[in-house]
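Just so we're aligned, residue 2 is where the sequence shown starts under our numbering, counting upward by one.
In what follows, a single structure is set out as structure tokens and then discussed.
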Amino acid sequence: MADEQKQAERIGHWMAQHDRFARQLGIQLEAVSPGFCQVALTVNDDMLNAVGVTHGGVTFSLADFAFAVASNSQGKVALALSAQINYPAASRAGDRLTAVAREQNKNRRTGLYSVEVRNSDGALTGLFSGTVYRRSEQIENWINPE
2 MADEQKQAER IGHWMAQHDR FARQLGIQLE AVSPGFCQVA LTVNDDMLNA
52 VGVTHGGVTF SLADFAFAVA SNSQGKVALA LSAQINYPAA SRAGDRLTAV
102 AREQNKNRRT GLYSVEVRNS DGALTGLFSG TVYRRSEQIE NWINPE
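Structure follows, in structure tokens:
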């Protein structure tokens with residue numbers, strides 16, 4: 002179990018360092034374990050839509066990054082097959098959004114994940130679900146290319 006946790010942490014930190022879009026948004030990795038990830042960002046004025054609430058793409062991107070880390074955390078390269086999100090409440094500039102991804106089902110080739118995004122007050126601002134395809138390739142090949 003300790004080795005699986007170390008692997009998940011290593012993969013999560015590597016992904017956080019190498020995902021340029023996540024870095025550009027200011028997404029911070031807070032926790033990772035096999036099949037689980039928690040990330041967060043603070044909404045700034047550049048992340049607002051025309052009516053002054055957080056652009057849905059920002060919320061989606063935060064959830065998508067949590068999904069990516071959780072689904073890759075067990076060592077095999079996992080790529081999204083589908084993803085969808087619902088926005089039950091809005092967030093605004095200054096809000097700290099936290100996304101928590103959890104593995105709901107996993108088999109050899111696919112995985113199903115849910116991600117909850119909450120604002121600073123704990124209100125649910127995004128409910129995301131995604132399915133991945135697991136390739137046979139180990140993510141270690143990307144971390145340490147030969």
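Yeah, the Cβ is synthetic: ideal placement off N, Cα and C, and Gly gets one too.
Values in this document were obtained by computation on a predicted structure and should not be read as measured data.
Helix, strand or coil at residue i according to DSSP, with G and I counted as helix
i, result
"Ile144", "helix"
"Arg97", "strand"
"Arg21", "helix"
"Ala124", "coil"
"Gly27", "coil"
Residue-level contact to chain D via CB, residue i, 9 Å cutoff
i, result
"Asp4", "Given the protein chain composition of this structure (a single chain), no chain D is represented."
Nearest-angstrom Cβ-Cβ length linking residue i and residue j, presumed shorter than 8 Å
i, j, result
"Phe129", "Ala84", "7 Å"
"Gly76", "Gln18", "That pair is no contact at about 18 Å."
"Leu49", "Ile28", "In fact, because the Cβ distance is near 17 Å, the residues do not count as touching under 8 Å."
"Phe37", "Ala71", "6 Å"
"Phe68", "Ile86", "10 Å between Cβ atoms; not a contact."
"Tyr88", "Gly112", "Contact doesn't hold; Cβ gap of about 24 Å is too wide."
Contact test: residue i Cβ vs the ligand PLP heavy atom, cutoff 8 Å
i, result
"Ile144", "Of ligands this structure carries none, so the ligand PLP is not represented either."
Residue i, buried or exposed, once every other Cβ within 10 Å from all chains shown has been counted against 16
i, result
"Phe151", "Summary: the structure shown does not reach residue 151, with the chain confined to residues 2 through 147, and so no result is reported for it."
"Asp96", "buried"
"Asp65", "buried"
"Gln39", "buried"
"Asn108", "exposed"
"Leu98", "buried"
"Arg136", "exposed"
"Val52", "exposed"
"Asn73", "buried"
"Arg24", "exposed"
"Gly123", "exposed"
"Ala3", "exposed"
Residue i, enclosing beta strand (DSSP E) - first and last residue
i, result
"Arg119", "111–119"
My parser needs the alpha helix (DSSP H) runs of 4 or more residues fully inside the segment 35–93; what are they? 57–73, all fully within the segment 35–93.
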